[in-house]
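Taking the UniProt record's numbering, the leading residue of the sequence shown gets 1, the next gets one more, and so forth.
Just so it is clear, CB atoms sit at the ideal spot from N, CA and C, and this is done for glycine as well.
Keep in mind that this is a model prediction, so the values were computed, not measured.
Below is one structure, written out as structure tokens; the observations come after it.
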Amino acid sequence: MKKSFRQAAVASVVIASVWGMTAPVQAGLPFFSDSKQEMPSLAPMLEEATPAVVSIAVEGTQTARREVPEMFRYFFGGPQEQVQERPFKGLGSGVIIDAKKGYVVTNNHVVENADEITVKLKDGRELKAKKLGADDQSDIALLKIDPDNLTALAIADSDEIRVGDYAIAIGNPFGLSQTVTSGIVSALGRSGLNIGGYEDFIQTDAAINRGNSGGALVNLRGELIGINTAIFGPNGGNVGIGFAIPSNMMKSLVDQIAEFGEVRRGLLGILGSDVDAGLAEAMESQVNKGAFVSEVQPETAAEKAGLQAGDIITAVNGRKITSFRELAARISSMGAGAEVELTILRKGDTEKLSVVLDDATASKITASQIHPALEGAELTNGEDAAGNAGVEVAELERGSAAARIGLQPEDVIVGVNRTRTTTISEFRGALEEAQGVIALNVKRGSSTLYLVIR
Numbered sequence: 001m002k003k004s005f006r007q008a009a010v011a012s013v014v015i016a017s018v019w020g021m022t023a024p025v026q027a028g029l030p031f032f033s034d035s036k037q038e039m040p041s042l043a044p045m046l047e048e049a050t051p052a053v054v055s056i057a058v059e060g061t062q063t064a065r066r067e068v069p070e071m072f073r074y075f076f077g078g079p080q081e082q083v084q085e086r087p088f089k090g091l092g093s094g095v096i097i098d099a100k101k102g103y104v105v106t107n108n109h110v111v112e113n114a115d116e117i118t119v120k121l122k123d124g125r126e127l128k129a130k131k132l133g134a135d136d137q138s139d140i141a142l143l144k145i146d147p148d149n150l151t152a153l154a155i156a157d158s159d160e161i162r163v164g165d166y167a168i169a170i171g172n173p174f175g176l177s178q179t180v181t182s183g184i185v186s187a188l189g190r191s192g193l194n195i196g197g198y199e200d201f202i203q204t205d206a207a208i209n210r211g212n213s214g215g216a217l218v219n220l221r222g223e224l225i226g227i228n229t230a231i232f233g234p235n236g237g238n239v240g241i242g243f244a245i246p247s248n249m250m251k252s253l254v255d256q257i258a259e260f261g262e263v264r265r266g267l268l269g270i271l272g273s274d275v276d277a278g279l280a281e282a283m284e285s286q287v288n289k290g291a292f293v294s295e296v297q298p299e300t301a302a303e304k305a306g307l308q309a310g311d312i313i314t315a316v317n318g319r320k321i322t323s324f325r326e327l328a329a330r331i332s333s334m335g336a337g338a339e340v341e342l343t344i345l346r347k348g349d350t351e352k353l354s355v356v357l358d359d360a361t362a363s364k365i366t367a368s369q370i371h372p373a374l375e376g377a378e379l380t381n382g383e384d385a386a387g388n389a390g391v392e393v394a395e396l397e398r399g400s401a402a403a404r405i406g407l408q409p410e411d412v413i414v415g416v417n418r419t420r421t422t423t424i425s426e427f428r429g430a431l432e433e434a435q436g437v438i439a440l441n442v443k444r445g446s447s448t449l450y451l452v453i454r
């Protein structure tokens, strides 16, 4: 039976009374209130926070390289690669984090390859921006604009947020002007999404869409807790699963870019895997989550701190970790020389170790610190014969593991599987992400070849 108009009116009175609205109601008439009681609203907080979130427009040229099949080179001559350049335009979002210095943080993929970057403020001003530096492995970039009458967001301690905390996303989806959506923190420490090299994401159900990249995820105080980065959706639209880079991770990376012009990653010097129920049972461990240390590499920060194979790392600086990937992301975002407290489980006992991280971006590094199959090689940042950046084999021991897989002195490694790598840091990150058989893309003089690590 359908409700009568009178029944519907009574229902509206009951609902309104829950909110404390006490104005008299005439039976049978729609409910209206003349109460001046203020309704719950995010508006006051957003009025303070939204001027710090900007729209970013980019223009540039993309260079696409395609290898020419050998048969066509044979018949028609010409280079091994075809190079095509195409102009592009793009839109994204950004967050002002320092009003006095004019610092704006966004995603690397928003401004990558951009020749011209324009930042549009909420008040309508449009300012040219300079890119101070970026890190594609963590998808962070730092821009600088004219620091005149700007508003910056306060940065919260993202280690303090909890699943269930309210979260508000601010950005410019689909090129629309500033848009606000709300939700909660759905999960923490998300990794294994193959979005970037180092992943330690906040997951939220606040609606995030294309164009939100680089925008702000804030708490109810209007403090920045994350930089919106990606969505999980079959058609590229919002399905209630979005990901943001935690503010602590962002700040550590941005501080390094501001000081050095690049990210100087910390290096622990271990190999390992996730802890699961099977491994926990085999090691007679009472914890089923964490990072299992399978090998401590010699002369590294881990060895100097006393870390041992068989240890299970359960927390970094007091914050629990659930996987080896999460550990790698946390360590990589900290600068070289940073002092880190690791909580470990060793033979059933909990211990704490203080570690001073090595420099993962050192210009020359022993390759065994990256992968055991590369033992015997010394690697350095270099260039191939065509001037393209890569990782050069500076020295190689005869009969070593690296020599047995086919590496030679002066080889330049430019890729891992299908991932392009230009520096030691990128090479390390790609190897950490690779699973199963690994194919190294190597430039040897004018030749291109693949060497396989099984």
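Let me know if residue 387 comes out buried or exposed under the rule of 16 or more other beta-carbons within 10 Å of its beta-carbon.
Result: exposed.
Nearest neighbour of residue 343, chosen from 321, 357, 454 [CA to CA]
With distances taken between Cα atoms, residue 343 lies closest to 321.
If you run the structure through DSSP and keep just helix, strand and coil, what is residue 251?
helix
Which listed residue (258, 286, 95, 57) has its alpha carbon closest to that of residue 50
95
Is residue 312 closer than 9 Å to residue 334 when the C-beta atoms are compared?
no
Could you tell me which residues DSSP pairs with residue 264 in its beta bridges?
DSSP, once it has assigned bridges, lists no residue as partnering residue 264.
Using the C-alpha atoms, what's the distance from residue 396 back to residue 407?
Distance between the alpha carbons of residue 407 and residue 396 is about 8 Å.
Inter-residue Cα distance where the pair is residue 206 and residue 240
6 Å
Between the Cα of residue 112 and those of 156, 289, 62, 359, spot the shortest distance and give me the residue it belongs to.
62
Beta carbon of residue 263 nearer than 9 Å to that of residue 42:
no
Less than 9 Å between the beta carbons of residue 368 and residue 377, yes or no?
yes
Taking buried to mean at least 16 other C-beta atoms within 10 Å of its own C-beta, is residue 88 buried or exposed?
exposed
Please name the residue in 135, 293, 302 whose C-alpha comes closest to that of residue 346.
293
Does residue 172 pass the burial test, meaning 16 or more other C-beta atoms within 10 Å, or should it be called exposed?
buried
My output table needs one value for residue 396: the three-state DSSP class, helix, strand or coil.
It is a strand residue.
Please give the ranges of any alpha helix (DSSP H) in the stretch 403-453, keeping only runs that are unbroken, at least 4 residues long and fully inside the region.
The stretch 403-453 contains, as complete alpha helix (DSSP H) runs of 4+ residues, the segments 424-433 (chain order).
Distance check for residue 221 and residue 40, CA to CA, integer angstroms please.
Going from the Cα of residue 40 to the Cα of residue 221 covers about 14 Å.
Please go through the stretch 142-217 and give each complete beta strand (DSSP E) segment of 3 or more residues, from N-terminal end onward.
166-171, 179-190, 201-204
Using a Cβ-Cβ cutoff of less than 7 Å, which residues in the same chain neighbour residue 159 once the five nearest sequence positions on both sides are dropped?
248, 319
Which residue wins for smallest C-alpha separation from residue 392, given the options 412, 442, 401?
412
Look at residue 260 and residue 133 and say whether their C-beta atoms are less than 9 Å apart.
yes
Identity of the residues DSSP links to residue 242 by a beta bridge
Answer by DSSP bridge pairing, in chain order: 204, 231.
Considering residue 346, what are the terminal residues of the alpha helix (DSSP H) in which it resides?
Residue 346 -> not in any alpha helix (DSSP H); beta strand (DSSP E) instead, spanning 339-346.
Cα-Cα, which of 306, 285, 135 is closest to residue 349?
285
In three-state terms, what does DSSP make of residue 114?
strand
Backbone CA spacing between residue 128 and residue 229 [nearest angstrom]:
So the two alpha carbons sit approximately 23 Å from each other.
Taking Cβ positions only, does residue 119 come closer than 9 Å to chain B?
No chain B appears in the structure shown, which is made up of a single protein chain.
Closest to residue 462 by CA distance: which of 122, 440, 165, 138 is it?
Absent from the model: residue 462. The displayed extent of the chain is 1 to 454, so no value can be given.
Proximity winner among 130, 48, 153, 177, relative to residue 91 (alpha-carbon distances)
177
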